[in-house]
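Here the protein sequences line up with chains B and L, keeping their order.
Under the numbering used here, the first sequence has 661 at position 661, and the numbering climbs by one with no breaks.
Under the numbering used here, the second sequence has 141 at position 141, and the numbering climbs by one with no breaks.
We put the CB at the ideal spot given by N, CA and C, even for glycine.
Model, not experiment: these values are computed from the prediction.
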Amino acid sequence: MIMLDLELIINNETFLVPVYPGERLYSVLRRLGFSSVKFGDEHGKTGADTVLFDGKPINSYLMLAAQAEGHKIETLEVMGEHPHLGWKDSRGLHILQQEFVKTGAIQCGYCTPAQILAAKELLTRESDPTEEQVRDAISGVLCRCTGYKKPVEAVLRAAARLRGEKVSPIEDPIQAPPEWIKSPIDDSIPPFITVQTGDTTLTAEKVISKLKVSTKPESWQQVGKPKEKVDAIKLVQGKPAFAADFERRDMLYAKVLFSPHAHARIKSIRTKKALEIPGVAAVLTHKDLPRIAYSTAGQSDPIPGPLDCFSLDNKVRFVGDRVAFIAAESEEIAERARDAIEVDYELLDAILDTRESMKPGAPIIHDEKDYVNFADSDPGKNLAAEIRIDIGDLEQGFKEADHIFEAEYEVPKVQQAHIEPHAVVTYWDEDDRLVIRTSTQVPFHVRRIIAPILDLPIKRIRVIKPRIGGGFGGKQEMLIEDVAAHLTIKTGRPVQYVYNREEEFIASRSRHPMRIRLKTGVKKDGTLTANDMYALSDTGANGAHALTVTGNTGHKAMALYVGDGPYRVSPNIRFYADIVYTNTPPSGAYRGYGVPQGYWPLERHMEKIAFELGLDPLEFRLKNALRAGEIHPFSIAWSEGRDPVPEMIQTNGLEECVQKGKQIIGWDQKINNEVWKDVPGKPYLKRGIGAALVMQGTAIPYLDMGGASLKLNDDGSFNLLVGATDLGTGSDTVLAQMAAEILGVALDDMIVYSSDTDFTPFDKGAYASSTTYISGAAVVDAAIKVADRIRERAVLLLADKLDGKEYDPAEIELSNCCAIAPDGQAVSLKEIALHSLHHANQEQIMAVGSFMSPVSPPPFAAQFAEVTVDTETGQVVVDHLVMAVDSGVIVNPVTASGQIEGGMTQALGYAVSEEMIYDEFGRAREKNFRDYHIFEAHEMPRLDTVFVETFEPSHPFGVKAVAEIPMDGVAPAVGNAVFHACGVNIDQNPVTPEKIWFKLRENR
Amino acid sequence: MIVEYHRPESTKEMIDLLSREDPRTLVLGGGLYINEVVIDQIAVADIQDLGLNKIKTKGKKQILGAATTLNTILNNDKVSPVLKSAIKYQESYNRRNVATLAGTVIAATGRSAITAVLLALDAEIELIRSGEKTSKLHLGDFLPLREEYTQGTLLTGFSIPVEVTSAFNYAARSPADLPIIAAAVSRWPSGRTRIVLAGYGEQPIMVFDGPNSDGAETAANDAYSTAGDQWASAEYRADTAAVLVRRCLNQIADKNEG
């Protein structure tokens, strides 16, 4: 092969680069260090690989480098730079970059460079774009975090500024539509209204409503404010912050040979031809590695599930299971070596349907002798976990009912689809400790889980979590770290392993599909007397998260409706589940963690009951819903990993959520309005609205623990080290806001670092909607300790300055980077820092805090959908989604609303377009983003978010969770809206055209 | 693996390259097709310097250069609005800057809206084969034999009629998802009506080409009566095909009346 010597013009500089004829432009740009260009997929669907090619956005992964010769290439690196670069003048950030930072358009930041480049090209050709034009311009860049609302807002604001117009500061309150403001629930409390943009586009319509607030909230300077993300400047420049951006000399690149068979035993495997390929450094098979049973689930010790995985095994259990690991000098060589490995398989009967798993005579998927049971798992029955929860007297409840409603529902397998794939780099450091730099949600769990697999003690492993490009539960696993680590141990060299998109689909984790049966007893007046759910859950070929995901299906969904009157004290609820093995890719953690699976059947079922009994669907729900002051019914029966302890609901804004949501969606104007349902000129179209009420949890009680350390620097700034992992959620920012609030400093005085198992305190990681609550309380704990010490030093300093004047440290207020006495005398934190570090009685002011919660206060929400159904084709278009949510006090309304918008968008896919299907051989239908369709910017419905704030007393700032609850109610709200539109009940999501068409035909 | 890259500056040079047996040489346009090819040891010949990215009108025909990108077509005022809507529906902005028209057709599956509309327009492909002059081939004849034309043949353009009224309708899981079922219909001033269905199989198929639209819905229904796969049942596709064809015909009638 003849190398080409190319002359590439990149960012107005000429680069002379030798390339292989088939080398992609993407690969060359990465090789040259342009880290803003990211890998998202092989087909240009994610657009993470965007560069400007003669000024136009194109996919660099689709283009050969040779094609680019003679053209101008532009990457994000040329657009702007940090506004302060020491003595050197900085041109600062481009206006587009500034607006992406200000509006909260950056969440994980992985797609941000591409979005900005696409927007730049738009603003070059159109100075005053419409929202539609903006959405079209960024349509080629998939974002799984934001819901696109804030990026669109950022581009429109940047366009206005480039035209010389002024835009409103993000913090400025802007008058919301009047119908949003008036609260019929509590008129005495004036709502606090703020929106984050101008009012010229749909992006403007956001209201943040404070109905109940904490003590002295108006004095807060940081908490509750729409602060810019602490990592935004880094991400908006496309800095090399992600796992795959890390470079190291002598790096090898890994590939895995995956099984083409759903169930087979490896009779023989030959690697000679692969090893003979020049550039191949190692090929590992099951014969080469120690056989250690483990679980990939990134959970606390002891992992609540069976140990049924092996790095490599002599048996494969799904199409996509591992057969061999390869390390080579390049990915291409590794792929050739992979294809040269010869394997003889003995094919075994496979189970692809959960209803077959426990039948007598079914093939046994885990027949290995070293399988380690947990609780009721029984590999002989293909049973990974079993749940039997009885609350009250179910049969008596049914006897007391006037009506019994029974139905079966189904929810599909879907994928997290984070745009950054799984990525890891491993190497031996100078102390012969194994460093694992990985895109993980759970660095501490990874270290603990991988140690025995590698035959290394924990202390010889260091796990670094760099910036993460979205996780959504998909990275709550020890999934690929062992591949690279084994190859590093074998070769002694650094190894990088990055999944491509097809590998993500066939070999990572997904949401558990379930078949669910519901039986509900109801009195004539709508009082629930008994509620019974059975779930048959598909864990796939391994049992990671099997027990806990499905446990949450019952724990969070079946807890919402307890019944009214005496049933509030003594509800009758049963939740049984069997979580079974099949020969499909393993299920795992996915944002919502089993709860969306529960709310699809529950909220479809409640809708049907209300309709059958002629009850108002929302009043019926509220009549039976759990209220503040009541015991969480499942807290007496089941807990995730620990013994159950009764928990009382302290705060519940559900009723206010319903009222606010109804106002925004126009519920009262539409629900009984047959004229509104018609679309003029199109008699085949019917409009409908629907709702779902939901609750989640906030962390796992008595189990989840977070830690933080805080250190004062010479200039009065602080290093905040947290083990918590920001996946794009904004947790680094909200944690810093809490610390800054207590210490009375600006947010940019907080230097946040997360996370590194060598340097940051332990944190269980980012899952279970826990970071703001658990890790936040740990930060508060550390900050209070540091603040106390600062006050004591301040008193000493003030005494020095004021001739021995004495103050009580408890009276010292920390504010504006100063310690201020009641009489106004003050010393700056910088003075205190210099004094404590250099001048007298020297000490390092620092503290470590940690927090574990005995409770899991649930956030509550009302979610609404408006749809248009084509009654001839069955196509459903979602026009509007509304979420009114009680997540306690909102620490940062910009990052929190971004969470809601992104979550609603993910959930929208769950409602209408996302599912993973397997053929009769267990082969995946979805292997790319053409077939697995996630929503793009130009097809989004209108999104509205309302925060109904309550103050949760178990947290110092009154917070509850916000991250997962948006996933729960969109799908059933859409299903209920479809029923409202055209009278058909779809019991299996996603709500696809054909399902509606079949039901409509049945009804004709 | 791509072992050679060429950027010919003349058609003859391109044809010579494409006619080689070893290494097999494929045309490189936007990269969409090459990205799908899994062949050991291929060469690629880049089309970008051949000037095949123009849009011209010749009498009652419009010629779209083979290397014209989809966004260039979208930005041209004279191109059929229905073809434009299919382009905007099928591809997002970035890929429209990358994808050429020829590459889009070569890489098309049965779910390609763009190919369906071109087929309904009875587009002709202009091509050059080794040792031959420019010739034309109807898209309907080309599609089933696409693979054969990837060697030794250079597509230079697509010729589509100007005085035709068209419509395109589809059903999908979301507004920008690939179609489960789609219909593209064109009607000539003479009344000639041509109907294409998409959403299934290897390529969109022409199901009706008659002097008028009599029997068009039935033809659509019949054509997809066995079009069942993992994405939808044949029953659904057949029924919906007729609905979409009816809508297309009504829209065309409205346009013509308007």
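Checklist entry - Using a C-beta to C-beta distance shorter than 7 Å, which residues of chain L count as neighbours of M1(B)? => result V3
Checklist entry - From the beta carbon of Y93(L), is the nearest beta carbon of chain A less than 8 Å away? => result Going by chain labels, chain A is absent from the structure shown, which instead holds the protein chains B and L.
Next on the checklist: 8 Å is my cut-off, CB to CB: does S510(B) come that close to chain L?
Outcome noted: no
Checklist entry - Closer than 8 Å, CB to CB, is Q48(L) near chain B or not? => result yes
Item to check | Per DSSP, the bridge partner or partners of G1064(B) | outcome: Residue 1064(B) is absent from the model: chain B starts at 1 and stops at 1004.
Item to check | Integer-rounded CB distance, given that I458(B) should sit under 8 Å from V522(B) | outcome: That pair is no contact at about 53 Å.
Item to check | Closer than 9 Å at the beta carbon, the chain L residues around D136(B) | outcome: K88, S92 and Y93
Checklist entry - Got a sec: which bits of the region 167-186 of chain L sit with their beta carbon under 9 Å from any beta carbon on chain B, in order along the chain? => result Cβ contacts with chain B: N169, Y170, A171, A172, R173, S174, P175, A176, D177, L178, I180 and I181.
Next on the checklist: When you compare the CB positions of N572(B) and L394(B), do they come within less than 8 Å of one another, or not?
Outcome noted: Judged by beta-carbon spacing, L394(B) lies within the 8 Å limit of N572(B), meaning their Cβ atoms are closer than that value.
Item to check | Length of the line joining the Cα atoms of V734(B) and G776(B) | outcome: 8 Å
Checklist entry - By how many angstroms is the C-alpha of V435(B) removed from the C-alpha of V127(B)? => result Here the sequence assigns Ser to residue 127(B), which means Val is not the residue at that position. Answer to the nearest angstrom: the Cα atoms are 48 Å apart.
Checklist entry - Exposed or buried, E603(B), counting other C-beta atoms within 10 Å across all chains shown (16 or more means buried)? => result E603(B) counts as buried, since no fewer than 16 other beta carbons sit within 10 angstroms of its beta carbon.
Next on the checklist: Measuring alpha carbon to alpha carbon, tell me which residue in F444(B), I965(B) and R161(B) is nearest I464(B).
Outcome noted: F444(B)
Checklist entry - Taking Cβ-Cβ distances below 8 Å as the criterion, which residues of the region 96-109 of chain L are in contact with chain B? => result R96, N97 and V98
Next on the checklist: Check whether the region 868-875 of chain B and the region 551-567 of chain B touch, using three or more Cβ-Cβ pairs below 8 Å as the test.
Outcome noted: No, they do not touch.
Checklist entry - Can you tell me where the alpha helix (DSSP H) with Q299(B) in it begins and where it stops? => result Neither: Q299(B) is in no alpha helix (DSSP H) and is coded neither H nor E.
Checklist entry - Of all the options W428(B), E964(B), D349(B) and F374(B), which has the alpha carbon lying nearest to the alpha carbon of P596(B)? => result Comparing Cα-Cα distances from P596(B) to each of W428(B), E964(B), D349(B) and F374(B), the minimum goes to E964(B).
Next on the checklist: Within 8 Å of any Cβ in chain B, is that where the Cβ of A232(L) sits?
Outcome noted: yes
Checklist entry - At which residue ranges does the region 67-124 of chain B contain complete alpha helix (DSSP H) runs of 4 or more residues, listed in the order of the chain? => result 95-103
Checklist entry - Should E257(L) go down as buried or exposed, given a rule of 16 or more other Cβ atoms within 10 Å for buried? => result exposed
Checklist entry - Can you tell me where the alpha helix (DSSP H) with M904(B) in it begins and where it stops? => result P893 to V912
Checklist entry - Is it buried or exposed for L347(B), if we count other Cβ within 10 angstroms and need 16 for buried? => result exposed
Checklist entry - Where does M1(B) sit, in a helix, a strand or coil, going by DSSP? => result coil
Checklist entry - Quick one, which of L17(L), K78(L) and I2(L) has its alpha-carbon nearest T302(L)'s? => result What is shown of chain L runs 1 to 258, which leaves residue 302(L) out entirely.
Item to check | DSSP bridge partner residues for F325(B) (one or two, in chain order) | outcome: In the DSSP assignment, the residues bridged to F325(B) are V256(B) and L284(B).
Item to check | Range of the contiguous beta strand (DSSP E) that encloses A385(B) | outcome: From DSSP, the beta strand (DSSP E) with A385(B) extends over L383 to I391.
Checklist entry - Once you ignore the five residues that flank E7(B) on each side, which residues in its own chain have a CB closer than 7 Å to its CB? => result T14, L16 and E69
Next on the checklist: What does the alpha-carbon distance come out to for the pair I116(B) and L96(B)?
Outcome noted: Distance between I116(B) and L96(B), taken at the CA atoms: about 7 Å.
Item to check | Beta-carbon proximity check, L74(L) vs K88(L), cutoff 8 Å | outcome: Contact flag set, yes.
Next on the checklist: For the alpha helix (DSSP H) containing K608(B), name the first residue and the last one.
Outcome noted: V595 to L613
Checklist entry - So what does DSSP say about F318(B), is it helix, strand or coil? => result Look at F318(B) here: in three-state DSSP terms it is coil, with no helix or strand label.
Next on the checklist: Since A232(B) and V283(B) should fall inside the 8 Å C-beta cutoff, what is the C-beta to C-beta distance between them, to a whole number of angstroms?
Outcome noted: That pair is no contact at about 43 Å.
Item to check | Distance, K623(B) Cα to R568(B) Cα | outcome: 10 Å
Checklist entry - What in chain B is Cβ-close to I32(L), meaning under 7 Å? => result Looking at the sequence provided, one finds Leu at residue 32(L) rather than Ile. Chain B residues near L32(L): L62.
Checklist entry - Using a Cβ cut-off of 7 Å, which residues of the region 937-960 of chain B contact any Cβ in chain L, in chain order? => result From the region 937-960 of chain B, only H938 and E939 have a Cβ closer than 7 Å to chain L.
Next on the checklist: Mapping the DSSP letters down to three states, classify E346(B) as helix, strand or coil.
Outcome noted: strand
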